[in-house]
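Chains as they are written, first to last, in the numbering used here: chain A, 425 to 657; chain B, 425 to 657.
Think of the CB as a built atom: it goes at the ideal place given N, C-alpha and C, for glycine as much as any other residue.
Below you'll find the structure, written out as structure tokens, and then a few comments.
Number of protein chains: 2
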Amino acid sequence: MEVKYDEIKVIGFDADDTLWINETYFRDAEEKFAALLEGYETKNTIDQDLFKMEIKNLELYGYGIKGFVLSMVESALELSNNNVSHDTLHKILDIGKEMISHPVELLPDVVEVLKQLSKKYRLIVLTKGDLLDQERKLERSDLSEYFHHVEVLSDKKESNYQHLLDHLEIDVKEFLMIGNSLKSDVLPLINIGAKAIHVPFHTTWQHEQVEDHETNGKEYQTISGLKELLKLV
Amino acid sequence: MEVKYDEIKVIGFDADDTLWINETYFRDAEEKFAALLEGYETKNTIDQDLFKMEIKNLELYGYGIKGFVLSMVESALELSNNNVSHDTLHKILDIGKEMISHPVELLPDVVEVLKQLSKKYRLIVLTKGDLLDQERKLERSDLSEYFHHVEVLSDKKESNYQHLLDHLEIDVKEFLMIGNSLKSDVLPLINIGAKAIHVPFHTTWQHEQVEDHETNGKEYQTISGLKELLKLV
């Protein structure tokens, strides 16, 4: 599909799994969680129970590590029929603390791509999740200098984007969003009349996955890595 | 002390314990936590251990209910020497969920004061804590219509304020902040050359308390309720 980017003046980047690795650490945490509870249930049941618990708590806790840890604690109590050891509960809390403290690992070519694009476009970061976590990661990433603005959103629905673009006085026709999640970074933008490019990450959280019918007929390009951006815009 | 507010064009309001009740729910939660663990330690020791745990975890978890709940879980394991019942752990998780779901209770005269001031000034909300929680509270409060901008900060230090005022293109001399915390809402503003008015709430979290020497010589007024603002500005 051929899409023109001539009008674009501002480019928004998702952060988690677009600029740096994130989902991998959640998958690792889930592996550790399943190993801690393997005496009580099959791995499949443990995985499913934790996912269900996260979705049940999502409206209350929102996205981010702290809500994930609280869901792990609750799921551990449930899966073990209240027999989980206190040592295991300590280890679950520690999994969360390690995730929060984890160094930032940038994805390939991020610095080069941002450096090039920042000469021609206004770049902004649009991420969702925990405010403190995201600010901390951006600081650790050393990428702040390339961005005019950083916005942490509680969610990434059409209304969140529309409200933010209005606030930043960005014309929707001049805005291009780059991100790994079709659900959060691509479809809402296409639906409000902006452009978006999909850069898949090898792992996508089940909750972020979309059905074929949601993407049918939507005009966006998919690239295999950020470096391809330099040829497109 | 006489302070002039002639130059003020923008007024910032803290939210928790300035526009609506917040600290009271944390105190109530601490009471419930102490009651749950009363078999293991004295109330005084329980209170102190939880506070120490919160401060120890503050850099990792930041402000907000989810970090508080994680600290309660960790403190319960510690205080009980790993003997706390799973029923108690469930109840601790429930305390957090109740806090997150709690209806917003506005402080006296908030609507009238905001309505009056919004005719003459640009009003903004500057709050710290969890992004989702604060957005949710603002929505439930029905106060959004009075504010030009809402900013949730991960912390309220001088640099956070300076950065935000720069971003919003607000001259520091034209900015007045209103809030219940000397440490977070008053002193950092005075220190960067803005004005601030202190509206104490009856309860202040220990971590927000300041020493006399920090306030000595700082020019700010203290009022007993928001309604007094209408006479001052």
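It is roughly 19 Å from the alpha-carbon of Leu-547(A) to the alpha-carbon of Gln-645(A).
DSSP, read as helix, strand or coil, puts Gln-645(A) in strand. Glu-447(A) carries a helical assignment under DSSP once its states are collapsed to helix, strand and coil. Gly-491(A) belongs to the set of residues whose beta carbon lies under 9 Å from a beta carbon in chain B. The three-state reading of DSSP puts Val-623(A) in coil, since its state is none of H, G, I, E or B. Here the alpha carbon of Tyr-429(A) sits roughly 8 Å from the alpha carbon of Leu-656(A).
Apart from the 5 residues on each side of it in sequence, Gly-553(B) sits with its Cβ closer than 6 Å to the Cβ of Tyr-487 and Gly-488 in its chain, given in chain order. Using a Cβ-Cβ cut-off of 9 Å, Ile-524(B) counts as an interface residue toward chain A, since at least one Cβ of chain A sits closer than that to its own.
Under the three-pair Cβ rule at 8 Å, the segment 562-580 of chain B does not count as touching the segment 628-645 of chain A. The residue from Leu-530(A), Ile-516(A) and Phe-457(A) with its alpha-carbon nearest to that of Leu-562(A) is Leu-530(A). Assigned with DSSP and collapsed to three states, Phe-437(A) falls in strand.
Against chain B, a Cβ distance below 7 Å from Ser-578(A) picks out Leu-555, Leu-556 and Glu-559.
For Ile-594(B), the three-state secondary structure derived from DSSP is coil.
Taking 9 Å as the CB threshold, Asn-446(B) stays off the interface with chain A.
Taken through DSSP and simplified to helix, strand or coil, Phe-599(B) comes out as strand.
In this structure, Leu-503(A) is the residue among Asp-441(A), Leu-503(A) and Glu-483(A) with its C-alpha nearest to the C-alpha of Asp-471(A). If you compare the alpha carbons of Ala-500(A), Gly-617(A) and Ile-445(A) with that of Pro-624(A), the shortest gap goes to Ile-445(A). Around the Cβ of Gly-603(B), a 10 Å sphere holds 16 or more other Cβ atoms; the residue is buried. Judged by pairs of C-beta atoms under 8 Å, the segment 533-548 of chain A touches the segment 437-451 of chain A, as three or more such pairs exist.
Given a length threshold of 3 residues, each whole run of the beta strand (DSSP E) inside the segment 551-583 of chain A is given here in chain order: 573-577.
Annotation: Cβ neighbours of Leu-484(B) in chain A (cutoff 8 Å, chain order): Lys-521, Ile-524 and Ser-525.
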